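*Asks:* Protein chains in written order, with the numbering used here: chain L, 1 to 290; chain X, 1001 to 1793. The beta carbon of each residue, even a glycine, is placed where N, CA and C say it ideally should be. Keep in mind that this is a model prediction, so the values were computed, not measured. Take a look at the following structure, please.
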Ligand SMILES: Cc1cc2nc3c(=O)[nH]c(=O)nc-3n(C[C@H](O)[C@H](O)[C@H](O)COP(=O)(O)OP(=O)(O)OC[C@H]3O[C@@H](n4cnc5c(N)ncnc54)[C@H](O)[C@@H]3O)c2cc1C
């Protein structure tokens, strides 16, 4: 690859990294490089300074917090999540999506937080975070701030991060009850971005849904939070009617465009189908209903 | 004692590929690995628009970039009479655009610099002003009365048509249709695809002013054709040109044509007097170089109620892009499309073909294919499938009624080819048995009751592989034969050179096995070299599954010439008369006294140390082989699929391949070819294509859009074999490289159509993307894949 000329720094502390970012108005953070490097190859991005954060310690952990929340550090790779044996019990939505991101090669390098920062409407992680009501913790010259994911994305490939801020971790709040959920993605091939993807996160008390979130991938100019769809299933056990309303509401919330992957109508149909399939997995069994 | 043939790596030995030794160690030597002293680097600036007049090109910015050594534009090429070059199909093609750009990705300028980064910086600094023109992306648009004229550079070109061509018996076919009980009709599009070798194209041109010699390292499947073409275009005498095709990272037909990048690197080297390297990037390869397919079919089959086919009509409209630069025999305008229906006993047929210009990349190449055979066999098997359905006849039974029988050979095909051997029904039976055809109908019925959609698709075909003979096959008038040159050293080791050019097929392994078979020299003792025009004998290169049928035959023939001379030497050594000398693998002996013998190695030593009086010393020879006919492998591919009725996604449950390619030289390599071919067939049926939007933007110009299947999606394949030796090939072999790519796609598509049969849908254009299948399922209508693809902002 033959990108434009750039300077490269790999500091070993957050403060140095922030200072470097501030030193140049055309600087960029390099995490896994799986989105940034391809853009630089195509010269869609030509940053003058790359600040590689891979040498910064303590950013590579993901773990459950004492308050029941979950934290994913900025250098946690997609593959770390995919291979984790404990993630599933805490975060089933994320566990389900992990192996559907890109391909094994990309997963080994690419980071969860980098994906959020990249703000690609076809990024799978943003939908999971939207469904889970998570936030991003940013570290800048003036310390830290926490940004809810709904406020984080400013548009396609744009976030509210200042140019000298580094996202240091993603946080998922504790669940009210037990966490359930999943992720489905229609892709044409391994390594393909989603034609349509649906993230469902449920908090359940017994068979009653106490809280829900539904995030949609690739069916709008940014990740979609299908709030009405989620509202349709909160407050009672998952019945067929509620599931259908959620599916329809999710389809209505999406605003896909027709392209070579399929018509807008088809993509809406896939969204509805996936919402149905994901929710049906958590319908109470006949024994439970009785 | 005769040697054990498999032990010495002769015919039938699944010998490990010797070339893999260097490849798996990362020691291959590709064009990009070659570094010459003082070498410069070239980068091409491409058009972002599909159709536009060039108002101005300002290259001053590029000249201002430090390290830029040369900037070429169409105007500068024109001053040297090099702005246009001849194509392999008697058309002209722009090297660098002068007047207009005619497809997205067309070469507009190029920059030569100290390193590739600078060359790219230089390209970015060039300012081109375009005046957009309406783009044309399909034959319908091209033939519309008010269509803009794409080739306004050509004197006598009034519209966008390239050719009208026909073959077959029109009147006879009309009569057959008049007598038919049932006529089945179907229309479809075989989408544009791309061979997409992992290594893109590239060259290093090195013109040495002191010797006047031009050496070009080049990614080419046909070095000698290129040498001739370069000699014509650049007006350099042929003996002053040396083309070296080193290791190739795949070709698949993509590396047969002459590309503007090659020509520009040559001119740049002449002008700068330094070696100039051009390495195309993947997008450049996908967006501008030789594509495959892009043909529309209207097909008709006339039948009797009992299933007997009486006649076939085909009309094709082919989209050749902006320049007619198909790499194909000059006689046949739409390649070997008329090889369709060769495996069926069809009394009469008629094919008409129209070719058009569009604002798309040029260069219809035989992508793992013998000149449009892939389209021919796909159309054939889709027509057969629809015809059987229209008759209400079982797919296997319908084929059984019409397949050519074993004792019918030699048999004229409806379009005049001569097939010579095969056991078609046997292959079909093996396939049906393996897939469990007998029980499938019931399984399908029961599954459907539970809402599951299962389908089986069959594809049977024979295809003409191994162009020539030279009577009918030529490229630009150069006859299609091939060659081999064998030199046995005094210790009995050998070097073999051929006019073919391996690019993954394993010639270094296979050719040595043919020599081992003919001479009893262990394959490990034979080194094989190809690709250097200064050392290799003249040949037409490797594509169209022609290497084993033609160059491989030459290898056998030259080995036999060597054996004939060795026999004379043996007689001399054995003090016997030549007539009394018998041959068994690896040695000569005196008839009646088997223990009185000499090995081939002893004969080799004697050739350099003890030749009989009057005999020339040495043991080497060459052979030029002009095959008497094409070879006709047969294949039966059967796929079983399941379609998800909610999403339109389909999966392959079982895939069976029965191939008869005659005698198998290295069975492992043959199986590898079949597996690879089936993978490409699956790709084309499932996901892979290049399309265009209304503005002529190429969708499929990178690997995010142009999908190559990975090990993850690719289904498993179950392989079976039947061996019917080729009657005219010296060792009975037939071509195999492309069979599965050619015959495979129809098996998958027919299977999905079978699963959807209850909806009345007759056709979905490839690739059968989930949305297309879903569309068909919900509307009950056929789904067209003709570009432009509908997009909305
Ligand atoms: C072939 C391929 C297929 C892919 N398929 C998918 C897919 O199916 N689904 C999917 O979701 N993604 C996919 N991706 C994208 C992949 O997931 C990336 O890894 C991810 O989008 C970016 O993470 P990264 O760590 O590589 O970030 P980088 O490429 O390093 O950075 C991306 C952007 O985010 C910024 N950034 C990164 N980290 C931080 C940080 N901590 N603080 C501030 N800014 C930061 C960078 O400056 C840059 O602008 C694919 C990528 C490839 C190459």
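Grab the span of the beta strand (DSSP E) containing residue 1093 (chain X) for me, first residue to last.
*Replies:* Where residue 1093 (chain X) is concerned, the enclosing beta strand (DSSP E) stretches over 1092-1094.
*Asks:* Grab me the residues of residue 1598 (chain X)'s own chain with a C-beta within less than 7 Å of its C-beta, minus the 5 sequence neighbours each way, in chain order.
*Replies:* For residue 1598 (chain X), where only same-chain residues beyond five positions count, the Cβ hits under 7 Å are 1570, 1573, 1574, 1587 and 1588.
*Asks:* Kindly indicate which three-state DSSP category residue 336 (chain L) falls into: helix, strand or coil?
*Replies:* Within the shown structure, residues of chain L are numbered from 1 to 290, placing residue 336 (chain L) beyond reach of any answer.
*Asks:* Quick check on DSSP: helix, strand or coil for residue 282 (chain L)?
*Replies:* In the structure shown, residue 282 (chain L) sits in coil (DSSP, three-state: anything other than H, G, I, E or B).
*Asks:* Within the present structure, is the beta-carbon of residue 1704 (chain X) separated from the nearest heavy atom of ligand 3 by less than 8 Å?
*Replies:* Ligands present in the displayed structure are limited to ligand 1, and ligand 3 is not among them.
*Asks:* Could you check whether the Cβ of residue 1119 (chain X) sits closer than 9 Å to any Cβ belonging to chain L?
*Replies:* Output row for residue 1119 (chain X): interface = yes.
*Asks:* Which complete beta strand (DSSP E) runs does the segment 1555-1612 of chain X hold, if anything under 3 residues is left out?
*Replies:* You should have 1581-1584, 1587-1590 and 1593-1599.
*Asks:* Please tell me whether residue 264 (chain L) and residue 246 (chain L) are closer than 9 Å, where the distance is taken between their beta carbons.
*Replies:* No; because the gap between Cβ atoms is not below 9 Å, this pair is not in contact.
*Asks:* Establish whether the CB of residue 1224 (chain X) and some CB of chain L are separated by less than 9 Å.
*Replies:* No, because no Cβ of chain L sits closer than 9 Å to the Cβ of residue 1224 (chain X).
*Asks:* Could you tell me the distance, in whole angstroms, from the CA atom of residue 288 (chain L) to the CA atom of residue 178 (chain L)?
*Replies:* One C-alpha to the other measures close to 16 Å.
*Asks:* So residue 2 (chain L) contacts chain X; which residues on that side make the cut at Cβ distance below 7 Å?
*Replies:* Neighbours of residue 2 (chain L) on chain X, chain order: 1116, 1117 and 1120.
*Asks:* Quick check: is the beta carbon of residue 103 (chain L) nearer than 9 Å to any beta carbon in chain X?
*Replies:* So, interface residue.
*Asks:* Any C-beta of chain L sitting closer than 9 Å to the C-beta of residue 1338 (chain X)?
*Replies:* Not one chain L Cβ lies under 9 Å of residue 1338 (chain X).
*Asks:* Under 8 Å: does the beta carbon of residue 25 (chain L) sit that close to some heavy atom of ligand 1?
*Replies:* No, the beta carbon of residue 25 (chain L) sits no closer than 8 Å to any heavy atom of ligand 1.
*Asks:* Taking only the alpha-carbon atoms, compute the straight-line gap between residue 1305 (chain X) and residue 1405 (chain X) and give it to the nearest angstrom.
*Replies:* Residue 1305 (chain X) and residue 1405 (chain X): Cα-Cα distance of roughly 20 Å.
*Asks:* Under 8 Å: do the segment 1334-1348 of chain X and the segment 1411-1419 of chain X share three or more Cβ pairs, one atom per stretch?
*Replies:* Taking 8 Å as the limit for Cβ pairs, the verdict is that the segment 1411-1419 of chain X does touch the segment 1334-1348 of chain X.
*Asks:* Using a C-beta to C-beta distance shorter than 9 Å, which residues of chain L count as neighbours of residue 1774 (chain X)?
*Replies:* Those are 262, 266, 269 and 270, listed as they occur along chain L.
*Asks:* Going by alpha carbons, who is nearest to residue 1508 (chain X) out of X:1520, X:1519, X:1526 and X:1184?
*Replies:* Checking every option, the nearest Cα to that of residue 1508 (chain X) belongs to X:1526.
*Asks:* When you measure from the CB of residue 1712 (chain X) to every non-hydrogen atom of ligand 1, does any distance come out below 8 Å?
*Replies:* Every heavy atom of ligand 1 is 8 Å or more from the Cβ of residue 1712 (chain X), so no.
*Asks:* Using a Cβ-based criterion (distance less than 8 Å to any ligand heavy atom), does residue 111 (chain L) qualify as near ligand 1?
*Replies:* Yes - ligand 1 has a heavy atom lying nearer than 8 Å to the Cβ of residue 111 (chain L).
*Asks:* Quick one: what does DSSP say residue 263 (chain L) is sitting in, helix, strand or coil?
*Replies:* DSSP places residue 263 (chain L) in coil when its eight states are reduced to three.
*Asks:* Would you grab the beta carbon distance between residue 198 (chain L) and residue 275 (chain L) for me? Rounded to a whole angstrom, and I think it's under 8 Å.
*Replies:* Indeed, because the Cβ distance is near 6 Å, the residues count as touching under 8 Å.
*Asks:* Which whole-angstrom value describes the C-beta separation of residue 1034 (chain X) and residue 1246 (chain X), a residue pair presumed to lie in contact below a C-beta threshold of 8 Å?
*Replies:* Indeed, because the Cβ distance is near 7 Å, the residues count as touching under 8 Å.
*Asks:* Under 8 Å: does the beta carbon of residue 36 (chain L) sit that close to some heavy atom of ligand 1?
*Replies:* Yes, the beta carbon of residue 36 (chain L) sits closer than 8 Å to at least one heavy atom of ligand 1.
*Asks:* Assuming residue 1201 (chain X) contacts residue 1289 (chain X) under a Cβ cut-off of 8 Å, what Cβ separation, rounded to an integer in Å, is found between them?
*Replies:* Indeed they touch by this definition, with Cβ atoms about 6 Å apart.
*Asks:* Apply the 10 Å Cβ neighbour rule to residue 1001 (chain X) and answer buried if 16 or more other Cβ atoms are within range, or exposed otherwise.
*Replies:* It counts as exposed.
*Asks:* Buried or exposed, going by whether 16 or more other CB atoms sit within 10 Å of the CB of residue 1198 (chain X)?
*Replies:* With fewer than 16 Cβ atoms within 10 Å of its Cβ, residue 1198 (chain X) is classed as exposed.
*Asks:* For residue 215 (chain L), count the other beta carbons within 10 Å of its own beta carbon; 16 or more makes it buried, fewer makes it exposed. Which is it?
*Replies:* Answer is buried; the Cβ neighbour count reaches 16.
*Asks:* Going along chain X in order, which residues have a C-beta closer than 9 Å to the C-beta of residue 218 (chain L)?
*Replies:* Here the premise fails: no neighbours, minimum Cβ distance about 13 Å.
*Asks:* Rounded to whole angstroms, what's the CA-CA distance from residue 1359 (chain X) to residue 1160 (chain X)? Just pull it up for me.
*Replies:* So the two alpha carbons sit approximately 10 Å from each other.
*Asks:* Indicate whether the contact test is met: 3 or more Cβ pairs, each with one atom in the segment 1328-1337 of chain X and one in the segment 1358-1372 of chain X, closer than 8 Å.
*Replies:* Short answer: they touch.
*Asks:* Check distances from the C-beta atoms of the segment 1256-1281 of chain X to those of chain L and list, in chain order, the residues that come in under 7 Å.
*Replies:* Residues: none.
*Asks:* Find the residues of chain X that neighbour residue 186 (chain L), judging by a C-beta separation of less than 8 Å, and give them in chain order.
*Replies:* The answer, in chain order, is 1647, 1649 and 1770.
*Asks:* Under 8 Å by Cβ, that's how I've got residue 1463 (chain X) and residue 1627 (chain X) pegged, so tell me the actual separation to the nearest angstrom.
*Replies:* The Cβ separation is near 15 Å, so there is no contact.
*Asks:* Taking contact to mean at least 3 C-beta pairs separated by less than 8 Å, is the segment 1536-1543 of chain X in contact with the segment 1577-1587 of chain X?
*Replies:* Not touching, per the Cβ criterion.
*Asks:* Whose C-beta lies closer than 6 Å to the C-beta of residue 1100 (chain X) among residues of the same chain, with five residues either side of it excluded?
*Replies:* Taken in chain order, the residues that qualify are 1053.
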